[in-house]
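Visitor:
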Amino acid sequence: MCYAIPGRVVSVEGRSVVVEYFGERKKAYSDVSCLHPGDYVYAQGGFVIRVIPPNEAEEILAIWKETFFELQELDLRLSGISLLEGRAHRRTLLLLERVLEGRSLSREELLYLLELRSPEERELLYKVANFLRRKYLGNSCCVHGILEFSNVCHRNCLYCGISVHNRGLPRYRMTDEEILEAVREATERFGFQALVLQSGEDPGFTLSRLVALLREIRRRHAVLIFVSCGEVGLEALSELYEAGARGLLLRFETGNPSLYARLHPGFSLASRLAHIEQARNIGYIVATGALLGLPGQTPSDIVDDILLARSLSPEMYSFGPFLPHPATPLERHSPPSLEGVLNALAVIRLADPENARILVTTAFETLHPEARRLGLLAGANSFMLNVTPLRYRRSYAIYPGRAHEDESVEEQIRSTVELLLSLGRAPTDLGV
Ligand code: 5AD
1043 MCYAIPGRVV SVEGRSVVVE YFGERKKAYS DVSCLHPGDY VYAQGGFVIR
1093 VIPPNEAEEI LAIWKETFFE LQELDLRLSG ISLLEGRAHR RTLLLLERVL
1143 EGRSLSREEL LYLLELRSPE ERELLYKVAN FLRRKYLGNS CCVHGILEFS
1193 NVCHRNCLYC GISVHNRGLP RYRMTDEEIL EAVREATERF GFQALVLQSG
1243 EDPGFTLSRL VALLREIRRR HAVLIFVSCG EVGLEALSEL YEAGARGLLL
1293 RFETGNPSLY ARLHPGFSLA SRLAHIEQAR NIGYIVATGA LLGLPGQTPS
1343 DIVDDILLAR SLSPEMYSFG PFLPHPATPL ERHSPPSLEG VLNALAVIRL
1393 ADPENARILV TTAFETLHPE ARRLGLLAGA NSFMLNVTPL RYRRSYAIYP
1443 GRAHEDESVE EQIRSTVELL LSLGRAPTDL GV
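Position 392, counted from 1, in the sequence shown is what our numbering calls 1434; the numbers after and before it change by one each time, with no gaps.
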């Protein structure tokens, strides 16, 4: 199974390369030395990951060639819009028209759209978001793998099912051998080009252990690794980058400092943001975002979170619903509505139309069985599939009843590819 279309290097200038895919040219940054025009490569998230032997590349391209243009055509048909369809308030139409003309909206205007309630108006908002997604980013969809290697966490986040609040949860910590084996399977057997290594803030994974693991992974595999182990420390970020990490997945959870302080007693938003900014400066690909529907969070907070995320120039936006966990202090609160989450995804697309890769999170899929399809039609264009060994998956219980908890990687791949193809999307990230 393969999640990337091989590209052909057109030109090389230092570490900057231009890669061509069926006539489309994309810029990428090369982590591979000695690239030459004509080489076939895999690129992910704007990084060239590895060179592929020409015969292997040509074989894969031959399979893709047939479907690639068909998918683009299907996507084009599904993402067409007419603002004359349906009934919408004049202000809504005016704002959506402005977005389609390529003009940006103010905070108040985005808030107005975030709060749209009528089904007709929401439908239009989603269609505009989907149109922009196709216009700027085409039909490519990132499909990364995520490996949850430890559910031990010393933090006390009020909403989180693997925080210290959950005393009854069996804790696990994968051994280095288990992690390396899971990475091997994900890359070699399933063909993932990008993997997120996620854990709680686990003192058992010291910086030196993580560094050694990353070096070993990079020695064995050409794969784009995101680290997602919470606040590791600003200096540690540099060491992890040097060891081979290229992405950081770290949500700021909420950009409202007092809400942040209430939900994370003893911790500060400033420290979290400092990590994200530092990662950006080091050169990491950044994926960040916030929880949607937290107790005490207002629509105005959510727009601010979207704008805060945008100011951090992330390659990927990760916004998902808060889901109450019975073993946490927030057990009695309600999750947000399907519409609330879809509106937020669409507004993210409107706020950052050209660059955003927007995740449909597993939490959203847990909230609603149609979340993936609806999210993809409302501006989103990425997923993460869970490659954590099944024996540990249930214990990574950040919220209850996680979608795909019992699904093998094969099943997840099959249903994802099926869905993507039905919507005219190519299960690949062509780079930026
Ligand atoms: N509902 C939804 N998402 C949650 N997370 C933690 N607890 C919950 C919950 N109850 C998210 C946090 C964290 C990510 C790994 O999981 O946003 O960044």
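All residues carry an ideal CB built from backbone N, CA and C; glycine is no exception.
Mapping the DSSP letters down to three states, classify S1250 as helix, strand or coil.
Guide: Three-state DSSP puts S1250 in a helix.
Visitor: Please tell me whether, using a cut-off of 7 Å, the distance from the CB of F1191 to the nearest non-hydrogen atom of the ligand 5AD is below it.
Guide: Outside the cutoff, so no.
Visitor: Which first and last residues belong to the beta strand (DSSP E) in which F1191 is found?
Guide: It spans C1184 to S1192 - the beta strand (DSSP E) in which F1191 sits, taken as one unbroken run.
Visitor: Does the distance from the CB of H1375 to the CB of P1442 come in under 8 Å?
Guide: No; because the gap between Cβ atoms is not below 8 Å, this pair is not in contact.
Visitor: Which of the three DSSP states is assigned to A1070 in this structure?
Guide: The answer is strand: DSSP assigns A1070 an E or B state.
Visitor: Could you check the C-alpha separation between V1253 and F1089 for me, to the nearest Å?
Guide: Taking the straight line joining both Cα atoms gives about 21 Å.
Visitor: Is it the case that the CB of I1390 approaches a heavy atom of the ligand 5AD more closely than 7 Å?
Guide: Result no, Cβ not under 7 Å from the ligand 5AD.
Visitor: Output needed for L1463: all residues of its chain with C-beta closer than 6 Å, excluding positions within five of it in sequence on either side, in chain order.
Guide: Result list for L1463: empty, nothing under 6 Å.
Visitor: How would you call E1295, buried or exposed, if buried means at least 16 neighbouring beta carbons within 10 angstroms?
Guide: Result: buried.
Visitor: Return helix, strand or coil for L1427, following the three-state DSSP convention.
Guide: Here L1427 sits in strand by DSSP.
Visitor: Taking only heavy atoms of the ligand 5AD into account, decide whether any of them is closer than 7 Å to the Cβ of F1364.
Guide: F1364: yes, Cβ under 7 Å from the ligand 5AD.
Visitor: Apart from the five residues just before and just after E1139, which ones in its own chain have a Cβ nearer than 7 Å to its Cβ?
Guide: Cβ neighbours of E1139 beyond the five flanking positions: L1125.
Visitor: Distance, Cα to Cα, A1213 vs R1226?
Guide: It is Arg, not Ala, that sits at residue 1213 in the sequence shown. Approximately 24 Å between the Cα atoms of the pair.
Visitor: Consider the C-beta atom of L1202 and the heavy atoms of the ligand 5AD; say whether any pair is separated by less than 7 Å.
Guide: According to the sequence shown, residue 1202 is Cys rather than Leu. Correct: C1202 has its Cβ closer than 7 Å to the ligand 5AD.
Visitor: Going residue by residue through the segment 1285-1366, where are the continuous beta strand (DSSP E) segments of at least 3 residues, counting only ones entirely within it?
Guide: If we require 3 residues or more, the beta strand (DSSP E) runs fully inside the segment 1285-1366 come out as 1289-1291 and 1327-1330.
Visitor: Please indicate yes or no: does the CB of Y1438 lie closer than 7 Å to some heavy atom of the ligand 5AD?
Guide: No.
Visitor: Exposed or buried, what is E1357 when buried is set at 16 or more other beta-carbons lying within 10 Å of its beta-carbon?
Guide: Burial call: buried.
Visitor: Say the cut is 7 Å; is the CB of E1100 nearer than that to a heavy atom of the ligand 5AD?
Guide: No.
Visitor: Report the partner residues of Y1063 according to the DSSP bridge assignment.
Guide: BP columns for Y1063 point to E1066.
Visitor: If you follow the beta strand (DSSP E) that Q1478 is in, where does it begin and where does it stop?
Guide: An answer regarding residue 1478 cannot be provided, because it is not within the stretch 1043 to 1474 covered by the chain.
Visitor: Below 8 Å, can you find three or more Cβ-Cβ pairs linking the segment 1245-1259 to the segment 1271-1290?
Guide: At 8 Å Cβ cutoff, the stretches touch.
Visitor: Report all residues from its chain with a CB closer than 7 Å to the CB of W1106; omit the five preceding and five following residues, and keep chain order.
Guide: Excluding sequence neighbours, W1106 sits near I1047.
Visitor: Would you check if the segment 1206-1221 and the segment 1181-1192 touch, i.e. whether three or more CB-CB distances between them fall below 8 Å?
Guide: Judged by Cβ distances under 8 Å, the segment 1181-1192 makes contact with the segment 1206-1221, as three or more pairs qualify.
Visitor: Drop a sphere of 10 angstroms on the beta-carbon of L1432, count the other beta-carbons inside from all chains shown, and report buried for 16 or more, exposed for fewer.
Guide: L1432 is exposed by the Cβ-count criterion.
Visitor: By alpha-carbon positions, which one of L1135, G1338, F1361 and G1308 ends up nearest to E1155?
Guide: Looking at the sequence provided, one finds Leu at residue 1155 rather than Glu. Ranking L1135, G1338, F1361 and G1308 by Cα distance to L1155 puts L1135 first.
Visitor: Does the distance between the C-beta of H1367 and the nearest non-hydrogen atom of the ligand 5AD fall short of 7 Å?
Guide: The answer is yes for H1367.
Visitor: What number of angstroms, rounded off, separates the C-alpha of I1455 from the C-alpha of D1448?
Guide: Going by the C-alpha atoms only, they are around 13 Å apart.
Visitor: How about the segment 1273-1280 and the segment 1300-1317: do they share at least three Cβ pairs that are nearer than 8 Å?
Guide: Taking 8 Å as the limit for Cβ pairs, the verdict is that the segment 1300-1317 does touch the segment 1273-1280.
Visitor: With a CB to CB cut of under 6 Å and the five nearest residues on each side skipped, what residues in its chain are close to R1352?
Guide: The answer, listed in chain order, is A1393 and D1394.
Visitor: Can you tell me whether DSSP reads Q1240 as helix, strand or coil?
Guide: Three-state result, Q1240: strand.
Visitor: Where do the N-terminal and C-terminal ends of the beta strand (DSSP E) with I1094 fall, by residue?
Guide: Run containing I1094: F1089 to I1094, per the beta strand (DSSP E) assignment.
Visitor: Whether or not the segment 1319-1338 and the segment 1106-1115 are in contact is what I'm after, with contact meaning three or more pairs of Cβ atoms, one per stretch, closer than 8 Å; do they touch?
Guide: Because the criterion of three Cβ pairs below 8 Å is not met, the segment 1106-1115 and the segment 1319-1338 do not touch.
Visitor: Would the beta-carbon of P1147 fall within 8 Å of that of L1137?
Guide: In the sequence under discussion, the amino acid at residue 1147 is Leu, which differs from the Pro named in the question. Contact: yes.
Visitor: Terminal residues of the continuous beta strand (DSSP E) containing G1049?
Guide: Its beta strand (DSSP E) spans residues G1049 to E1055.
Visitor: Can you give the Cα-Cα distance for K1068 and A1413, rounded to whole angstroms?
Guide: Rounded to whole angstroms, K1068 to A1413 spans 30 Å at the Cα level.
Visitor: Quick one, are the C-beta atoms of Y1168 and L1336 less than 8 Å apart?
Guide: Not in contact: Y1168 and L1336 (Cβ atoms no closer than 8 Å).
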